[in-house]
Amino acid sequence: MQSLQVSYNKQLHEIGQTRQKINTILDEIEKTTLTELEDKMTSLKASVNTNVGNCSKLQNELKQFSDTIMTLLIRVKKNSRLLQVRNLWKKIISLKLI
Numbered sequence: 004m005q006s007l008q009v010s011y012n013k014q015l016h017e018i019g020q021t022r023q024k025i026n027t028i029l030d031e032i033e034k035t036t037l038t039e040l041e042d043k044m045t046s047l048k049a050s051v052n053t054n055v056g057n058c059s060k061l062q063n064e065l066k067q068f069s070d071t072i073m074t075l076l077i078r079v080k081k082n083s084r085l086l087q088v089r090n091l092w093k094k095i096i097s098l099k100l101i
């Protein structure tokens with residue numbers, strides 16, 4: 004009976020040691036995983052911030068470009084009207100209506 008108890012205690016001790024090794028390995032895996040996760044999160048945040056900055060810059064440039072195009076269109080319309088008036092005056096003069 005004593006031999007059975009000794010064998011039981013030995014197996015119980017081995018189970019405890021194995022459990023401790025497993026817990027140590029799991030702790031290391033968790034620590035490594037969390038470190039990698041934090042590194043990836045930091046990298047993604049930096050990438051997102053860069054992309055947001057680039058988008059804001061492009062948005063501002065597009066706004067300026069749009070404003071420039073609108074200004075040019077207004078000028079073209081004004082010049083077109085001036086040309087129309089000038090051409091009308093030429094016709095009037097050529098017809099000697101004045």
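The sequence shown runs 4 to 101 under the working numbering. Note that CB positions come from ideal geometry on N, CA and C, so glycine has one too. A quick note: this is a predicted structure, and the numbers were derived from the prediction, not measured.
Contacting residues, own chain, Cβ-Cβ under 8 angstroms from residue i (five flanking each side not counted)
i, result
"Phe68", "none"
"Thr45", "none"
Own chain, CB closer than 7 angstroms to residue i, minus 5 neighbours either side, in chain order
i, result
"Leu47", "none"
Own chain residues within Cβ distance below 6 angstroms of residue i, not counting five before or after
i, result
"Asn52", "none"
Check your understanding: Curious, which full-length beta strand (DSSP E) runs of at least 3 residues does the region 41-90 contain?
Key -> none
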